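*Asks:* Please find one structure pasted underneath; my questions will follow.
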Amino acid sequence: MVLEDICTSLVLWFFALIPCLLTDGVAILPAPSNLSVHSANMKHLLVWSPVALPGETVYYSVQYQGEYESLYRSHVWIPSSLCSLTERPQCDVSDDITATVPYNLRVRATLGSRTSAWSTLKQPFNRNSTVLTPPVVAISKDGFHLVIELEDLGPHFEFLVAYWRREPGAKEHLKVLRNEGVPVHLATMEPGAAYCVKAQTFVKAIQRHSAFSQPECVEVRGEALPLALALFAFVGFMLILAVVPLSVWKMGQLLQYSCCPAVVLPDTLMTFSTGDSLVRAGAEQREAGYELETESGRETWPAEAFS
């Protein structure tokens with residue numbers, strides 16, 4: 001009698017279980033399990049254990065609720081922008097989580113016309129729990145310029161960069177850089193000195209920063225001037241050699257004409273400037289005679305008429 005009761009109970013339990021396994025005659029898919037969020041440097045990845053159905057391709061859909069929906073519209077779930085019917089058992093929800101508030105996340109499986117129940121993240125996720133790591137830093141020298149290049153971590157990030165000359169008691173200099181992903185000039189280095197650099201990330205949206213990266217150093221030896229600079233210096237020196245003497249000569253000429261100008265005598269003074277010239281002029285005049293104005297006109301008289 002007892003055995004019959006046990007068998008009857010098992011049969012009833014089995015028939016009671018059938019509606020749970022069938023919906024309109026189709027078996028329900030198992031729901032994804034073990035949901036968790038892996039978040040580092042403001043990249044948020046929702047992962048879960050896949051639904052194992054050999055020979056079948058299962059797709060997954062992800063939805064989320066922000067704080068407003070959770071508190072005031074709990075029946076509203078928003079589809080993830082990147083994860084609608086995705087094959088991979090993970091979803092990048094970084095673009096969906098845009099505020100520093102708790103978010104609920106859920107996922108379900110789909111196979112043809114069959115869908116699983118929703119599996120929900122046990123604890124809401126807040127992006128301020130993301131893990132911030134020190135940035136990857138590459139430093140180099142361009143001539144005597146100290147240059148730094150930082151990895152591109154996205155628009156949320158700024159970098160606090162510290163650099164100093166490697167010597168006892170050296171002072172650290174700080175500079176805040178935006179995340180541009182391009183080399184940035186930090187300082188001009190002195191020949192023969194070594195300079196060190198370290199950096200940390202800062203995310204204003206969550207008011208948190210990472211630890212500093214390990215210091216990296218670069219040394220500038222007493223290098224010769226670059227070829228272009230040496231050529232420029234040589235050309236400048238040759239110009240100086242050519243221009244300076246010419247300038248000195250020209251200045252001397254100007255001073256000479258200004259202070260001691262040369263006097264040019266009229267032809268008359270130059271002809272009768274000496275006694276000999278006057279004597280010669282008188283002798284020539286006597287030989288030629290004298291021209292006189294008379295009542296009858298101009299006449300020439302011999303010199304003897306006046307002796």
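Quick note on UniProt numbering: the sequence shown kicks off at 1 and runs consecutively. Virtual Cβ for every residue (Gly too), placed ideally from N, Cα, C. In this text the structure is predicted, and so the values were computed from the model without any measurement.
1. Among the candidates 127, 74, 209 and 48, whose CA atom is the shortest distance from the CA of residue 107?
2. What's the call for residue 204, buried or exposed, on a 16-neighbour Cβ count within 10 Å?
3. Report yes if the CB atom of residue 109 is closer than 9 Å to the CB atom of residue 58, and no otherwise.
4. Is it buried or exposed, residue 125, if we count other Cβ atoms within 10 angstroms and call 16 or more buried?
5. Based on DSSP bridge pairs, tell me the residues matched to residue 39.
6. Thinking residue 130 and residue 40 are a contact (beta carbons under 8 Å), I'd like their distance in whole angstroms, please.
7. Look up residue 99 in the DSSP assignment and say whether it is helix, strand or coil.
8. What's the gap between the Cα of residue 89 and the Cα of residue 195?
9. Report buried or exposed for residue 127, applying the criterion of at least 16 other Cβ atoms within 10 angstroms of its Cβ.
10. Are the beta-carbon atoms belonging to residue 45 and residue 84 less than 9 Å from one another?
11. Rounded to whole angstroms, what's the CA-CA distance from residue 143 to residue 193? Just pull it up for me.
12. Classify residue 242 as buried or exposed, calling it buried when 16 or more other Cβ atoms lie within 10 Å of its own Cβ.
13. Could you check the C-alpha separation between residue 185 and residue 219 for me, to the nearest Å?
14. Check whether the Cβ atoms of residue 64 and residue 28 lie closer than 9 Å to each other.
15. Can you say whether residue 60 is buried or exposed, counting buried as having 16 or more other CB atoms within 10 angstroms of its CB?
16. Roughly how many angstroms separate the alpha carbons of residue 160 and residue 102, rounded to a whole number?
17. What does a CB cutoff of less than 6 Å around residue 138 pick up in its chain, not counting 5 residues either side in sequence?
18. Considering only residues of the same chain and omitting the five flanking positions on each side of residue 213, which have a CB-CB separation below 8 Å?
*Replies:* In this structure, then:
1. Selection 127, 74, 209 and 48 evaluated against residue 107 yields 48 as nearest (Cα-Cα).
2. exposed
3. Closer than 9 Å, so yes.
4. By the neighbour-count rule (16 or more Cβ atoms within 10 Å), residue 125 is buried.
5. Answer is 44, bridged to residue 39.
6. 6 Å
7. coil
8. 47 Å
9. buried
10. no
11. 13 Å
12. It counts as exposed.
13. Across the structure, residue 185 and residue 219 are spaced so that their CA atoms are roughly 16 Å apart.
14. no
15. buried
16. In this structure, the CA atom of residue 160 is about 28 Å from the CA atom of residue 102.
17. 149
18. 134, 135, 136, 137, 198, 199 and 200
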